[in-house]
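Residue numbers are given in UniProt numbering: position 772 of the sequence shown equals residue 772, and the series is strictly consecutive.
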Amino acid sequence: MSTQHAEAASYDVRATQDKWRAVWDELRPYDADGTDPSRERRYALTMFPYPSGDLHMGHGEVFALHDVVARYWRLKGYDVLNPIGWDSFGLPAENAAIKRNENPATYTYDNIETQAESIRRYGVSFDWTRRLHTSDPEYYRWTQWLFLRLFERGLAYRKASFVNWCPNDQTVLANEQVVQGFCERCGAVVTKRELTQWYFKVTDYAQRLLDDMEQLAGKWPERVLTMQRNWIGRSEGAWVAFAIDGREEPVRVFTTRPDTLYGATFMVVAPDAKLAAELVSDEQRPAFEAYLERTKQATEIERQSTDRPKTGVFLGVHATNPLTGEPMQVWAADYVLADYGSGAVMAVPAHDQRDLDFARAYDLPVRRVVDVPGEGDPAETGVATTGDGAYVNSPALDGITDKVDGIATTIALLTADGVGEGTVNFRLRDWLLSRQRYWGCPIPIVHCPDCGEVAVPDDQLPVELPYLTGAELAPKGTSPLAAATDWVNTSCPRCGGAAKRDTDTMDTFVDSSWYYLRYCSPGRDDVPFDPEDVKHWMPVDMYVGGVEHAILHLLYSRFFTKALYDMGLVSFVEPFEALINQGQVINEGKAMSKSLGNGVDLGQQIEEFGVDAVRLTLVFAGPPEDDIDWADVSPAGASKFLQRAWRVAHEVASDPGTDPAAGEVALRRVTHKTVAECEHLFDSKRFNVVVARVMELVNATRKTIDSGAGAADPAVREAAEVTAILLSTVAPYVAEEMWAELGHQPSVSQQAWPTVDPALLVDETVTCVVQVKGKVRGKLEVPPSISDEDLEALALAEPNVARHLEGAEIRKVIVRAPKLVNIVV
């Protein structure tokens, strides 16, 4: 075939996609086996999508990167579990159903089918036999079952407290779902509301969640581990008991600086903490309640702002400083949050700027207890000092200059007097999981006037949602389920009397905290998962998804796993061995949005350039964690490369099975070095460099074809086969087409990783530098195994070296075979 004819040859992208998708549907090459004990297993997992419309560019990126891992592992001979499902409960579907006057299931499952079709077209190597939807009763039956196991152990409980409330979506939010004071979902300003809600006791696992991150070091992105550590927020300090006028029980306050207790001159309580309502005097109650109402309108971000004027109200009671014996006024102020410790803090205004600002606003005493060199008295300067120095105005500590000694001495004093103790505190709060919306997993609890909270028996699960549509779902401040009286009214499983179902549904993060376990035992109707199946497949070897889930989803999944470990249901404490967080796909330097008019439609890009070109563009754009600016990449260029790669296979003129040993050695070296390097690059997640090396291999093969050796050279066939195998991880359709052109049966994805000949990894020659008086005077191409003696002789005979040695006396020849000869004259 002439070069001109070869350049004109091309494959039909759309026909190729249709052809091979049909073949894959028949062959099912991606189904996990799980039965062959001789094969090492790998579990590749991508964060499952939410079914709101069709796939977007973010899906395109995460699926492409994830699929590279799964396909590479199959080539390496692993039995790979690569499942797919949908996180299909949630507010967007419910809000859409209200607008459309339909049940959320209609919107949800229509979108799931749309996305499923797009994913199949995108060529992702999922095992579709394990498909799940969290809104299926056969799935959420087991979500309810797991809730009850936590309930039995006291890890699921109900309490009344002020919670984050989204006035737009009419539902409570966990702290993690409030972003800078706004609802993560709809962007509305979040307020506070007092409700009785269900919680998971995540705080019982705070230290373990922190300690077990050692297992993840070097396997998870460091920034994710840092975000989790900060959210857990471990701090060491002390509980200090403050006696309160007229109250039998003292108020316990946590502080990280008990050594500054001599400088505590007043106490501040969060207005929305129960404690404030308990402490306020009758005389001050009207003023307090008015202040509490104003506090509820402020976001936590506003309350924590350092430049916001400090406001508060005196509660009409005094506490006693346990070290000084002095009375301290007790105030309610919104700069203290209810969910930190007991909701109360000891105010040390000389050494905390917020306390100092408050003290100055209300003319409260300021006492310096740490003399920080070079800084004045905060009572005079208005600037709190936070550095280290000698203790002053602190009888038991005066003269001590070391903070560690000061803290230890103070804790010893408090412990001896029975008014305090050293302790550890965590920023982490229990997981608020109640939601006042319909489209979620019902909480399997019955409220009986005689028996209290009663678990629905396992054999009565699932508690299925009643069928509600349109206006029945509209937010009313309580769950829409509360109006479904036929569903709500039931009998108590314990006493048989009249009772009511719990009308809240679970946070969707509950559904996604265990789905990876269900994939191990799909379709089981007797257990949520088989421990033996889970033992075979888990932990997940590689998890791929967005960094936006670094706190919420990952922390909750880790909690679930540890709780299940304690129940004896799993044998590991961390669910995800390794983690890849992909970057964003942006356009023209900015996140894609309709308002900016810079959106890029994944489906349109696929129509124009083909699946393989889009996938290759996304993988080749940079390391997985980097953002991809679509304005800076070229799917058209990727398409041209794929056509060139296909033409190489199309032109191969030797028969399948031809021994490559007789082929051109130079090309064979490139081929084997590419395989060896790509193995390392895959393992180190440098997928973009893999693509670059394959491009270089295609170029080298093209050069050989166009040279005297031609397309019949056995080395060309070997290079083309390797190209098809490597490309199958990124561009599966063209790889399959190339494999067929090369005379092989499908599927290329089921081939073994190419074997490397170590001899071909060794360069035939290396460049030896020859120096005279420290300057390079010659270069030699020599065998890697050349002896020192032979190399010295060649160096001295090199013409340019010989010229620079004329008339000179050689004092020493330093030989470092095979790369250096240094001649000293």
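Don't be surprised by glycine CBs; every beta carbon is placed ideally from N, CA and C.
Tell me which residues share the same chain as residue i and place their Cβ nearer than 8 Å to its Cβ, disregarding the 5 neighbours each side in the sequence.
{"i": "residue 660", "result": "668, 714, 715, 717 and 718"}
{"i": "residue 208", "result": "562 and 573"}
{"i": "residue 65", "result": "544, 580, 582, 618, 619, 624 and 687"}
{"i": "residue 170", "result": "436, 437, 475, 476 and 477"}
{"i": "residue 217", "result": "225"}
{"i": "residue 819", "result": "766, 767, 768 and 769"}
Short of 6 Å in beta carbon distance, which residues of its chain neighbour residue i, apart from the five on each side in sequence? Order them along the chain.
{"i": "residue 56", "result": "602"}
{"i": "residue 141", "result": "461 and 462"}
{"i": "residue 107", "result": "93, 96 and 97"}
{"i": "residue 87", "result": "48, 50, 134 and 512"}
{"i": "residue 735", "result": "724, 727, 728 and 748"}
{"i": "residue 137", "result": "462 and 464"}
{"i": "residue 522", "result": "130"}
{"i": "residue 756", "result": "672, 675 and 676"}
{"i": "residue 584", "result": "627"}
{"i": "residue 235", "result": "256 and 425"}
Output needed for residue i: all residues of its chain with C-beta closer than 7 Å, excluding positions within five of it in sequence on either side, in chain order.
{"i": "residue 495", "result": "448, 450 and 451"}
{"i": "residue 516", "result": "45, 540 and 575"}
{"i": "residue 53", "result": "111"}
{"i": "residue 4", "result": "Confidence is the limiting factor: at residue 4 the pLDDT is only 47, short of 50, which leaves the residue's position unreliable, though a coordinate-based value still follows. No residues qualify anywhere along the chain."}
{"i": "residue 145", "result": "458, 461 and 528"}
Exposed or buried, residue i, counting other C-beta atoms within 10 Å across all chains shown (16 or more means buried)?
{"i": "residue 127", "result": "buried"}
{"i": "residue 817", "result": "buried"}
{"i": "residue 604", "result": "exposed"}
{"i": "residue 648", "result": "buried"}
{"i": "residue 708", "result": "exposed"}
{"i": "residue 810", "result": "exposed"}
{"i": "residue 357", "result": "buried"}
{"i": "residue 596", "result": "exposed"}
{"i": "residue 129", "result": "exposed"}
{"i": "residue 418", "result": "exposed"}
{"i": "residue 368", "result": "buried"}
{"i": "residue 518", "result": "buried"}
{"i": "residue 656", "result": "exposed"}
{"i": "residue 774", "result": "exposed"}
{"i": "residue 485", "result": "exposed"}
{"i": "residue 84", "result": "buried"}
{"i": "residue 442", "result": "buried"}
How close, in whole Å, do the beta carbons of residue i and residue j come, if the pair is a contact with beta carbons under 8 Å?
{"i": "residue 770", "j": "residue 821", "result": "5 Å"}
{"i": "residue 384", "j": "residue 353", "result": "4 Å"}
{"i": "residue 644", "j": "residue 702", "result": "7 Å"}
{"i": "residue 689", "j": "residue 681", "result": "5 Å"}
{"i": "residue 333", "j": "residue 311", "result": "7 Å"}
{"i": "residue 524", "j": "residue 446", "result": "At roughly 26 Å, the Cβ-Cβ gap does not stay under 8 Å, so residue 524 and residue 446 are not in contact."}
{"i": "residue 798", "j": "residue 780", "result": "6 Å"}
{"i": "residue 481", "j": "residue 503", "result": "4 Å"}
{"i": "residue 711", "j": "residue 792", "result": "Actually they are not in contact, since the Cβ atoms of residue 711 and residue 792 sit about 45 Å apart, beyond 8 Å."}
Sort out for me which residues DSSP pairs residue i with in a bridge.
{"i": "residue 568", "result": "According to DSSP, residue 568 bridges with nothing at all."}
{"i": "residue 448", "result": "452"}
{"i": "residue 781", "result": "767"}
{"i": "residue 133", "result": "86"}
{"i": "residue 198", "result": "158"}
{"i": "residue 313", "result": "332"}
{"i": "residue 506", "result": "434"}
{"i": "residue 43", "result": "81"}
{"i": "residue 347", "result": "266"}
{"i": "residue 421", "result": "239"}
Against chain D, does residue i count as a neighbour if the rule is that its beta carbon must be under 8 Å from one of theirs?
{"i": "residue 163", "result": "Protein chain content of the structure displayed is limited to a single chain, and chain D is not contained in it."}
Spell out a yes or no on whether the stretch 567 to 578 and the stretch 686 to 700 are touching, meaning 3 or more CB-CB pairs, one atom from each, closer than 8 Å. no
For the structure I just gave you, are there three or more beta carbon pairs, one from the stretch 540 to 554 and one from the stretch 480 to 496, closer than 8 Å? no
The stretch 750 to 769 touching the stretch 35 to 44, judged by at least three CB pairs closer than 8 Å: no
Just checking, does the stretch 513 to 528 make contact with the stretch 471 to 483 on the three C-beta pairs under 8 Å criterion? no
Could you tell me whether the stretch 428 to 437 touches the stretch 284 to 297, using the rule of 3 or more Cβ pairs below 8 Å? As far as the Cβ criterion goes, the stretch 428 to 437 does not touch the stretch 284 to 297, which means the pair count is below three.
Across the stretch 178 to 198 and the stretch 146 to 166, are there enough close Cβ pairs to call them in contact, namely three or more that are closer than 8 Å? A contact exists between the stretch 178 to 198 and the stretch 146 to 166.
Contact between the stretch 551 to 570 and the stretch 27 to 35 (3+ Cβ pairs under 8 Å): No: the two stretches stay apart, fewer than three of their Cβ pairs being nearer than 8 Å.
Report yes or no: do three or more beta-carbon pairs, one from the stretch 220 to 231 and one from the stretch 327 to 344, lie closer than 8 Å? no
How do the stretch 406 to 415 and the stretch 259 to 273 stand: do at least 3 beta-carbon pairs fall below 8 Å, yes or no? yes
Is it the case that the stretch 22 to 32 contacts the stretch 75 to 83, given that we only count it when at least three CB pairs across the two stretches are under 8 Å? yes
How about the stretch 304 to 318 and the stretch 237 to 249: do they share at least three Cβ pairs that are nearer than 8 Å? yes
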